[in-house]
Amino acid sequence: MQTHSGMFVLPAGISRGKPVCRTSVQCGNCKEVPISWRSCRTVLSPLHRLAPRAHVRHARWATSSYRHRFTRLLSSAATPQRRVGFVGGAGNMGSAIIRGIVGSGFTAPHLVHVSGRDRAKLERLAADTAVQITTDNAEMLSQVDVLFLCVKPAQIESLLHQLFGTRPPSLLIVSVAAGASFACLERWIQDASATANEPRLIRCMPNVPLQVGCGATGLSRGRFATDADLAWTQALFESIGTVALVDEPLLDAVVAVAGSATAFMFQFLEALSDAGVREGLPRPTARALAVQAMRGAARMAQAEPQAHLAELRNRVESPGGTTIAGTLALEAADFRAAVQAAAAASAAKSRALRSAFEERLMGKE
Ligand SMILES: NC(=O)c1ccc[n+]([C@@H]2O[C@H](COP(=O)([O-])OP(=O)(O)OC[C@H]3O[C@@H](n4cnc5c(N)ncnc54)[C@H](OP(=O)(O)O)[C@@H]3O)[C@@H](O)[C@H]2O)c1
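Residue 0 is where the sequence shown starts when you use numbering that gives the first Met the number 0, and the numbers rise one by one after that.
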């Protein structure tokens, strides 16, 4: 644990070395600004490779999420390295995962192979992350042990035919596509390749904040995926956020509460920033305060998982005070119902997508 005097105790098994992070920043005690995850990435990466010399002068190991990331990095170091391929990896979700796992140190960039159709997008990704890129899906496929399917759900069937028409899949396949169920994926792969009887599949439902190490991902295991496959995929997503293992039907709920919810949070922040501007704050100030308020509330809720969220809210609502006036106004405007409706609409859309695929599949039989 870091103390105010600059001393800290590294977790068991890690020896102390020379401080390498000289970012001029602050800890919670001495009122300096905590270093950011990005700035300490260079420090933590060597830890990932089990060269525990590096450390950070001002990181708040004991109280902050850095400690959790640190622990994750160490556990991921013990996870066997697999060569990872991303088809459609230059898109929004693919590139978010790639930036996340390279940034967290979960995998080295030379082990990440990305294919896509747009050369310029791929080159931008390679410039930022140093991953291997190609516009040839088959070339990428020939180099990897795990394949992430990061294309739109409607593009998956034809893509699988193209990928596995000539080469049966002996690798782990992780699909991020909303709605494309195990039943559909298995069937498409078996249609594409007569020898692919038991494809090892995992479905995941991640969200975009994983690109800044703060994702929330639902994982579901296909019937032929091994324990090692699941453990490796879980470790990958835990290196960039939180993971919930769920049965496949609950992935629709994950879409609502984590995937789409990212946009709901931005919508709330936008509305709150506008409100700040209406009350006279300059827009950048209103935005910064609103963002920090959301972050602070989220961190408090994480720090006290046993406390009911209503209890946390009640602590802010002093009798006859400003907050209770505001929260009652939210109730009067049906805030709770609006949030529920938004989440239900997202989950319903995800279910509808799945049903449409499955109906098409049954129509073929
Ligand atoms: N965005 C999210 O927040 C989110 C959350 C959870 C899950 N997902 C899932 O993630 C998947 C991708 O979504 P997205 O938002 O990242 O879409 P996107 O930005 O459109 O990315 C898809 C990428 O796939 C590429 N692509 C399409 N067909 C290809 C092919 N045959 N070979 C190689 N590359 C191909 C596209 O290239 P072009 O640019 O040339 O079309 C594009 O770069 C979807 O299945 C979605 O359900 C997304």
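Virtual Cβ for every residue (Gly too), placed ideally from N, Cα, C.
Could you tell me the alpha carbon to alpha carbon distance between residue i and residue j, rounded to whole angstroms?
i	j	result
Gly320	Asn313	11 angstroms
Glu176	Met204	Residue identity differs from the one stated: residue 176 is Ala in this sequence, not Glu. Rounded to the nearest angstrom, the two C-alpha atoms are 8 angstroms apart.
Arg294	Ser317	21 angstroms
Gln131	Ala125	7 angstroms
Ser103	Leu121	20 angstroms
Val83	Asn196	22 angstroms
Gly275	Leu268	10 angstroms
Thr194	Arg282	60 angstroms
Gly362	Leu184	16 angstroms
Ala306	Ala300	8 angstroms
Thr133	Leu110	14 angstroms
Ala341	Ala255	8 angstroms
Thr128	Val315	42 angstroms
Leu171	Ala95	20 angstroms
Gly87	Asn136	9 angstroms
Val113	Glu237	21 angstroms
Ala262	Ile188	33 angstroms
Ser169	Thr241	28 angstroms
Pro304	Gly258	21 angstroms
Leu162	Val143	13 angstroms
Arg353	Thr216	19 angstroms
Leu360	Ser349	17 angstroms
Met264	Phe105	27 angstroms
Ala351	Ser345	10 angstroms
Ile239	Ala270	28 angstroms
Going by C-alpha distance, which of the options is nearest residue i?
i	options	result
Ser219	Glu269, Ala260, Val173, Ala274	Val173
Gln80	Gly93, Pro108, Gly87, Ser345	Pro108
Leu158	Glu330, Ser192, Ala129	Ser192
Val150	Gly164, Met92, Ile201, Phe163	Met92
Trp231	Ile100, Ala89, Glu247	Ile100
Ser141	Thr241, Gly178, Phe85	Phe85
Ser272	Gly279, Ala260, Ala289	Ala289
Ala343	Leu148, Arg123, Ala287, Leu250	Leu250
Gln339	Ala260, Arg298, Leu360	Ala260
Glu156	Leu146, Phe265, Asp190, Phe147	Asp190
Leu209	Phe223, Arg186, Leu235	Leu235
Val207	Thr284, Arg98, Phe223, Ala346	Arg98
Gln266	Val253, Phe147, Ala337, Ala89	Ala337
Round the Cβ separation of residue i and residue j to the nearest angstrom and send it over; I've been treating them as touching at under 8 angstroms.
i	j	result
Glu357	Ala182	6 angstroms
Ile201	Asp226	Actually they do not touch by this definition, with Cβ atoms about 12 angstroms apart.
Gly221	Arg199	7 angstroms
Gly178	Pro152	5 angstroms
Ser180	Glu278	Actually they do not touch by this definition, with Cβ atoms about 48 angstroms apart.
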